[in-house]
Amino acid sequence: LCLHHVSCSAKQLQQQQQQQRRLLNHFISRDPTPAVKGQDAPSPPQFTLAVKDNIATTGATASSTTTCASPFLTSYRSPFEATIVTQLRARGAVVVGKTNLDEFGMGSHSVHSAFGPVAQGPDDDQGQGQQVCASGDYEGEARSAGGSSGGSAVAVACGEADMALGTDTGGSVRLPAAYTGVVGFKPSYGMLSRHGVVPYANSLDTVGLLARSVGTIADLLVGAGGLWAEHDPKDPTSLSPAARARCASGREGYRSSLTAVLKGVRFGIPLECNIEELDPRIRDAWSASAEALQQLGARIVPVSLPSTRHALAAYYVIAPAEASSNLAKYDGIRYGTREDHGGSAGAEIESDAADGGVLYAASRGRGFGDEVKRRILLGSYTLSSEAMDNYFIKAQAVRRLVRRDFDRVFALANPLHEPEAFDLSDLPDSVAMENKFGPTEVDFLLCPTAPTLAPRLADVAAQQQSPVDSYMNDVFTVPASLAGLPAISIPVQVAPEAAEGPGRETGSGAAGLQLIGQFWDDARLLAVAGAVA
Ligand code: GLN
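Residue 543, in UniProt numbering, is where the sequence shown stops; the numbers in between run on with no holes.
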């Protein structure tokens, strides 16, 4: 593909993107699918793995570029491989390709990509559900695969990979999983190594896993020799072996028997998730699941997480602020395509101090897409001395409140936090009032993954979704990210008939329900998710 080369002309690029719009366009680079299930069964048993293209891979095959879907890095080759990829290869993974995403992970529909948008097929004629994998000329009917790990979700949904790696900073694994009807898991922050994962917002970034069943993820993560025990000295945010041991003590391991897992487990239903914008079909699926859980011996408890109302705003201050700092290194000198000298990606070229500003501006002006530029501007502003107190500092305060809300409702303590005394007299009256619901002790929270089903790509592209509308898709996923908690999206089918109200449509049947657990309760979360799914 000419897209893989910086020499591609703008016209060629446009033609190719138009052509690709008719395809699912979920892979950026792809290797021939290996015959992994051969006669002489290899040990460990092999499985196919798709890797989001902001996670570094090396090797001699097509999938050894790491582009982040950025015009800056269209042919970038990392000198080293991400720890998570090496760890999975050691457990039998065969990498089948690198998947398309929103540039650097910034987006919710996988449309902000230098390689064109990811699509999933339209509803079938009877409105009986999605045809995720039907590629063809959709004439505007194709749906968003969610973002930013949309390519990974489609690869798994279509059976082209047994498992896919994504990254989840504010929902980028869970949202595409919900839109495409697969399982998407975001582990506790600090559990899986991020060495070799191109950072977006370091204090929030996690590596996530997508698969068609919870069991596939649980086997690798919390089964024998599971990844959750592995510390990576190359990642400063990877929990140390001592901290892992401390976090694991008092935590239950993974169990697969349904009745043993669900008996007496308390599920909190956060009242704040019952928002007006919630599609009634998703609300119905949510309450039907709660009822089903109750019949299986679980307890359902309404809970309030008052600060989560402000979580989305805080996330969209913190994430762009960290991003603006992270992306400063793409200047056309150290990383990225150099604009004025025609240099190639990754080339190390001596900088001419006098030309520096012009070179940076030219390279960054051409090298970043619009959404990334928007985040850089937003982040640079909120970190500036005039705005810092009103935005960044306030957002950090909200983050602490969000964390405290979770600690208050969960029966298990967060092993990373000192037990906090909730002295309401310290708080302004309005906040103290909001806290009157607690304390309530539950094991997990159950809420939708996203407020709507997958929108049509045409509506996303026609700016019927403004940037702020797109950010709204993350309203249920960012709270767990701000608190560093494990969360999983499991698929539910929703009733196919038309719903009432503006913007409600017939069709696509896949939605996601999200389960959130206390920090490092990942094994039990996966067990419960496996029983619920
Ligand atoms: N949609 C969110 C954002 O654009 C989440 C992205 C992610 O988790 N990488 O920031």
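Beta carbons are placed, not taken as given, at the ideal position from N, Cα and C, and that holds for glycine.
So Ala464 and Arg153 are supposed to be a Cβ contact under 8 Å. How far apart are they, rounded? If you number the sequence shown from 1, residue 464 lands on position 454. If you number the sequence shown from 1, residue 153 lands on position 143. Correct: roughly 4 Å between the Cβ atoms.
Can you tell me which of Leu322, Val382, Val470, Ala66 puts its alpha carbon nearest to the alpha carbon of Glu113? Numbered from its first residue, the sequence shown carries residue 113 at position 103. Selection Leu322, Val382, Val470, Ala66 evaluated against Glu113 yields Val382 as nearest (Cα-Cα).
With 16 other Cβ atoms within 10 Å as the buried cut-off, status of Pro44: Against the sequence shown, residue 44 aligns to sequence position 34. It counts as exposed.
Pull up the DSSP beta-bridge partners for Leu523, would you. Sequence index remark: in the sequence shown, residue 523 carries index 513 (1-based). Assignment of beta-bridge partners to Leu523 by DSSP yields Pro458, Ile500.
Which residues share a DSSP beta bridge with Ser314? As a first step, residue 314 must be located in the sequence shown, where it is residue number 304. Answer by DSSP bridge pairing: none, since Ser314 is not bridged.
For Leu175, list the residues DSSP reports as bridge partners. For the purposes of this step, residue 175 is taken as residue 165 along the sequence shown, with counting starting at 1. Note: Leu175 sits in a beta bridge opposite Val61, Leu219.
What's the C-alpha gap between Leu525 and Gly150? For the purposes of this step, residue 525 is taken as the residue at position 515 of the sequence shown. For the purposes of this step, residue 150 is taken as the residue at position 140 of the sequence shown. About 33 Å.
Taking its Cβ as the centre, do 16 or more other Cβ atoms sit within 10 Å of Gln56, making it buried, or is it exposed? Residue numbering aside, residue 56 sits at position 46 when the sequence shown is read from its first letter. Gln56 is classed as buried because its beta carbon has at least 16 other beta carbons within 10 Å across all chains shown.
Report the partner residues of Pro280 according to the DSSP bridge assignment. Counting from 1 along the sequence shown, the entry for residue 280 is found at position 270. In the DSSP output, where bridge partners are listed per residue, Pro280 has Val313.
Measuring straight from C-alpha to C-alpha, what distance separates Ile498 and Ala234? Here residue 498 is taken as the residue at index 488 of the sequence shown, counted from 1. Here residue 234 is taken as the residue at index 224 of the sequence shown, counted from 1. Looking at the two C-alpha atoms, the distance is approximately 21 Å.
With 16 as the cutoff for other CB atoms within 10 Å, does Gln305 come out buried or exposed? Against the sequence shown, residue 305 aligns to sequence position 295. Classification for Gln305: exposed.
For Thr226, the three-state DSSP class (helix, strand or coil): Indexing the sequence shown from 1 puts residue 226 at position 216. Look at Thr226 here: in three-state DSSP terms it is helix.
By the three-class DSSP mapping on this structure, what secondary structure does Arg344 have? The sequence position of residue 344 within the sequence shown is 334, counting from 1. Reduced to three states, the DSSP call for Arg344 is coil.
Alpha-carbon to alpha-carbon, Thr76 and Met398: Working through the sequence shown from its first residue, we reach residue 398 at position 388. Working through the sequence shown from its first residue, we reach residue 76 at position 66. Distance between the alpha carbons of Met398 and Thr76 is about 34 Å.
Indicate whether Phe402 and Val327 have their beta-carbon atoms separated by less than 8 Å. Walking along the sequence shown from the start, residue 402 turns up at place 392. Walking along the sequence shown from the start, residue 327 turns up at place 317. Between Phe402 and Val327, the C-beta spacing is below 8 Å.
Using only the alpha-carbon positions, how far apart do His205 and Tyr199 sit? The residue given as residue 205 occupies position 195 in the sequence shown. The residue given as residue 199 occupies position 189 in the sequence shown. Each residue's CA atom was taken as its position, placing His205 and Tyr199 some 13 Å apart.
Give me, in chain order, the residues of the same chain whose beta-carbon lies closer than 6 Å to that of Arg385; leave out the 5 immediate sequence neighbours on both sides. If you number the sequence shown from 1, residue 385 lands on position 375. Answer for Arg385: Met116, Pro330, Ala333, listed in chain order.
I believe Thr190 touches Ala155 by the beta-carbon criterion, under 8 Å. Please report the beta-carbon distance rounded to the nearest angstrom. Numbered from 1 along the sequence shown, position 180 holds the residue referred to as residue 190. Numbered from 1 along the sequence shown, position 145 holds the residue referred to as residue 155. Contact between Thr190 and Ala155 is confirmed by a C-beta separation of about 6 Å, below the 8 Å threshold.
When you compare only the Cα positions, how much space is there between Ala308 and Ser213? The residue labelled residue 308 in the question sits at position 298 within the sequence shown. The residue labelled residue 213 in the question sits at position 203 within the sequence shown. Rounded to the nearest whole angstrom, the CA to CA distance from Ala308 to Ser213 is 34 Å.
Quick check for students: name the residue ranges of the alpha helix (DSSP H) that lie wholly in the region 49-123, counting only runs of 4 or more. The region 49-123 contains these whole alpha helix (DSSP H) runs: 93-100.
Does DSSP put Phe37 in a helix, a strand or coil? Here residue 37 refers to the residue found at position 27 of the sequence shown. Strand at Phe37.
How about Pro280 and Leu455: do their beta carbons lie closer than 8 Å? Along the sequence shown, one-based indexing puts residue 280 at 270. Along the sequence shown, one-based indexing puts residue 455 at 445. Contact: yes.
Could you tell me if the beta carbon of Ala497 falls within a distance shorter than 7 Å of some heavy atom in the ligand FMN? Only the ligand GLN can be found as ligands here, which leaves the ligand FMN out of the picture.
Per-residue DSSP class, three states only, for Lys404: As a position in the sequence shown, residue 404 is number 394, starting the count at 1. In the structure shown, Lys404 adopts helical secondary structure according to DSSP, grouped into three states.
Within 10 Å of its beta-carbon, does Pro512 have 16 or more other beta-carbons around it, so buried, or fewer, so exposed? Taking the sequence shown and counting its residues from 1, the one referred to as residue 512 is at position 502. Since pLDDT at Pro512 reaches only 46, below the 50 mark, its modelled position is unreliable, and no value is offered.
Nearest to Ala490 (by Cα), restricted to the options Ala321, Ser159, Asn400: For the purposes of this step, residue 490 is identified with residue 480 of the sequence shown, where counting begins at 1. Relative to Ala490, the option among Ala321, Ser159, Asn400 whose CA is nearest is Ala321.
Tell me where the beta strand (DSSP E) around Gly194 begins and ends. As a working mapping, residue 194 is identified with position 184 in the sequence shown. For Gly194, the uninterrupted beta strand (DSSP E) segment begins and ends at 193-196.
Can you give me the start and stop residues for the alpha helix (DSSP H) that Ala144 sits inside? What you label residue 144 is simply residue 134 of the sequence shown in a count that begins at 1. It is not in any alpha helix (DSSP H) - Ala144 carries neither H nor E in the DSSP assignment.
Asp417 beta carbon near the ligand GLN (any heavy atom closer than 7 Å): The residue given as residue 417 occupies position 407 in the sequence shown. Because no heavy atom of the ligand GLN lies under 7 Å away, the Cβ of Asp417 does not count as near it: no.
If you check the beta carbons only, do Val419 and Val368 fall under 8 Å apart? Against the sequence shown, residue 419 aligns to sequence position 409. Against the sequence shown, residue 368 aligns to sequence position 358. A distance of 8 Å or more separates the beta carbons of Val419 and Val368.
Going by the C-beta, is Thr462 closer than 7 Å to any heavy atom of the ligand GLN? Within the sequence shown, numbered from 1, the residue matching residue 462 stands at position 452. It does not: the Cβ of Thr462 is nowhere closer than 7 Å to a heavy atom of the ligand GLN.
Of the residues Arg409, Arg256, Tyr264, Pro251, the one placed nearest Ala323, counting alpha carbons only: Mapped onto the sequence shown, residue 323 falls at position 313. Out of Arg409, Arg256, Tyr264, Pro251, Arg409 has the C-alpha closest to the C-alpha of Ala323.
Where does Phe416 fall in DSSP's three states? Numbered from 1 along the sequence shown, position 406 holds the residue referred to as residue 416. Note: Phe416 maps to helix in three-state DSSP.
Beta carbon of Val542 nearer than 8 Å to that of Val275: Here residue 542 refers to the residue found at position 532 when the sequence shown is read from its first residue. Here residue 275 refers to the residue found at position 265 when the sequence shown is read from its first residue. Cβ atoms of Val542 and Val275: not closer than 8 Å.
Ala321: CB within 7 Å of a non-hydrogen atom of the ligand GLN: Working through the sequence shown from its first residue, we reach residue 321 at position 311. It does not: the Cβ of Ala321 is nowhere closer than 7 Å to a heavy atom of the ligand GLN.
Sequence-distant residues of its chain with Cβ nearer than 7 Å to Pro425 (five each side left out): In the sequence shown, residue 425 corresponds to position 415, counting from 1. Once the five neighbours on either side are set aside, the close Cβ partners of Pro425 are Arg256, Cys257, Phe529, Trp530.
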